[in-house]
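With my numbering applied, the sequence shown closes on residue 227, and no number is skipped along the way. Some notes on the structure that comes next.
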Amino acid sequence: MQDDESPLARAWDQAAAGYDDYFVPRFAPWVELAVQELGRDLPDGPILVPCCGTFPELPLLATAFPGRPIVGIDLSPGMVARASARASSFPLAEAVVGDAVEVGPEWTGRCAAVVSVFGLQQLPDPPAALASWVGLLRPGGRLSVVYWPDVVEQEGPFALSHRIRGRAAADPDAARRAAEAIAYAGAEVTADRAVSFPMEHPDAATF
Ligand SMILES: C[S@@+](CC[C@H](N)C(=O)[O-])C[C@H]1O[C@@H](n2cnc3c(N)ncnc32)[C@H](O)[C@@H]1O
Numbered sequence: 021m022q023d024d025e026s027p028l029a030r031a032w033d034q035a036a037a038g039y040d041d042y043f044v045p046r047f048a049p050w051v052e053l054a055v056q057e058l059g060r061d062l063p064d065g066p067i068l069v070p071c072c073g074t075f076p077e078l079p080l081l082a083t084a085f086p087g088r089p090i091v092g093i094d095l096s097p098g099m100v101a102r103a104s105a106r107a108s109s110f111p112l113a114e115a116v117v118g119d120a121v122e123v124g125p126e127w128t129g130r131c132a133a134v135v136s137v138f139g140l141q142q143l144p145d146p147p148a149a150l151a152s153w154v155g156l157l158r159p160g161g162r163l164s165v166v167y168w169p170d171v172v173e174q175e176g177p178f179a180l181s182h183r184i185r186g187r188a189a190a191d192p193d194a195a196r197r198a199a200e201a202i203a204y205a206g207a208e209v210t211a212d213r214a215v216s217f218p219m220e221h222p223d224a225a226t227f
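Structural data, given as structure tokens:
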């Protein structure tokens with residue numbers, strides 16, 4: 021842990037140790053979907069994965085798009101340490117500590133794809149982040165983003181945790197503003213939908 025880390029990065033450092041065992045299998049259907057939605061017909065170039073966490077996107081991306089650099093970026097050094105361990109089995113992959121909304125200019129207009137799963141909802145300005153990710157794509161490149169909506173369930177552990185923490189009310193326009201930001205940034209929105217999969221927890225204490 022570094023002294024200059026943000027509280028969010030520190031929180032994810034603390035979650036990193038249990039993340040692969042508990043959440044990666046539960047989030048797997050959405051990760052698979054995000055990779056599938058890229059199709060197979062990408063232009064040349066690297067694939068960038070903002071908010072990669074422990075980088076569960078990597079094995080699927082490396083299988084679907086062999087021979088490409090695949091780079092994960094995450095704010096949390098604890099997550100990136102685990103992501104780097106995963107990347108060590110893939111010669112063209114790496115994970116770096118960084119802010120997903122301040123990706124360096126060296127990436128602008130270069131990426132064949134930008135893929136991000138369950139990170140967008142944590143960013144301070146999601147529409148601005150989406151617009152900045154569109155700017156990283158080269159012509160024909162694809163953006164595939166899965167995010168948590170403000171309300172994921174009416175009853176259940178996430179709904180309870182939402183209530184206990186007194187989170188802000190849901191923004192009914194969030195999806196529309198996200199799609200508009202992508203279109204204003206010059207990309208075409210080809211799919212925009214809510215996708216649910218069942219998720220089970222052994223008991224409240226474990227959750
Ligand atoms: C729920 S995890 C998702 C990890 C992985 N993509 C997955 O699907 O399992 C969210 C991740 O977003 C990262 N994150 C949050 N804000 C970020 C930011 N501004 N820049 C980069 N990463 C960020 C957190 O550190 C955390 O690892």
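Every residue, glycine too, gets a C-beta built ideally from N, C-alpha and C. All figures in this text were calculated on a predicted structure; none of them were measured in a lab.
Residue i versus the options, residue with shortest Cα-Cα distance
i, options, result
"Gly160", "Ala201, Ala54 and Cys131", "Cys131"
"Gly87", "Val172, Gly65, Gly98 and Ala189", "Gly65"
"Asp223", "Asp193, Leu112, Tyr42 and Asp212", "Tyr42"
"Leu80", "Arg197, Pro49 and Val117", "Pro49"
"Phe118", "Ile184, Ser216 and Leu28", "A small fix is needed here, since residue 118 is Gly in this sequence, not Phe. Closest option to Gly118, Cα to Cα, is Leu28."
"Leu143", "Arg158, Tyr167 and Arg60", "Tyr167"
"Leu157", "Glu126, Phe138 and Arg183", "Glu126"
"Ala225", "Ser181, Ala190, Thr210 and Ala189", "Ser181"
"Arg196", "Arg183, Ala211 and Arg187", "Ala211"
"Glu200", "Gln174, Val44, Pro147 and Tyr39", "Pro147"
"Phe217", "Tyr39, Gly38 and Pro45", "Pro45"
Rounded distance between the beta-carbons of residue j and residue i, thought under 8 Å
i, j, result
"Val123", "Ile93", "7 Å"
"Met231", "Ala198", "Nothing in the structure corresponds to residue 231, since the chain is present only between 21 and 227."
"Ser152", "Ala133", "Not quite, the Cβ-Cβ distance comes to about 15 Å (not below 8 Å), so this is no contact."
"Ala207", "Val154", "5 Å"
Residue j beta carbon less than 8 Å from that of residue i
i, j, result
"Ile202", "Leu150", "yes"
"Ala103", "Cys72", "yes"
"Ile67", "Phe85", "yes"
"Val55", "Glu77", "yes"
"Arg106", "Thr83", "no"
"Ser136", "Asp33", "no"
"Arg162", "Leu58", "yes"
"Pro169", "Ala205", "no"
"Pro177", "His221", "yes"
"Val215", "Leu62", "no"
"Ala190", "Val172", "no"
Residue i - containing beta strand (DSSP E), residue span
i, result
"Glu52", "Unbroken run through Glu52 is the alpha helix (DSSP H), Pro27 to Gln56; no beta strand (DSSP E)."
"Glu173", "First-last for Glu173: undefined, no H or E at that position."
"Ser136", "Cys131 to Val137"
"Arg158", "Leu157 to Val166"
"Pro70", "Ile67 to Pro70"
"Val91", "Ile90 to Asp94"
Boundaries of the alpha helix (DSSP H) in which residue i is found, first to last residue
i, result
"Leu78", "Glu77 to Ala84"
"Ala103", "Pro97 to Ala107"
"Leu140", "First-last for Leu140: undefined, no H or E at that position."
"Val209", "Careful: Val209 lies outside any alpha helix (DSSP H) and carries neither H nor E."
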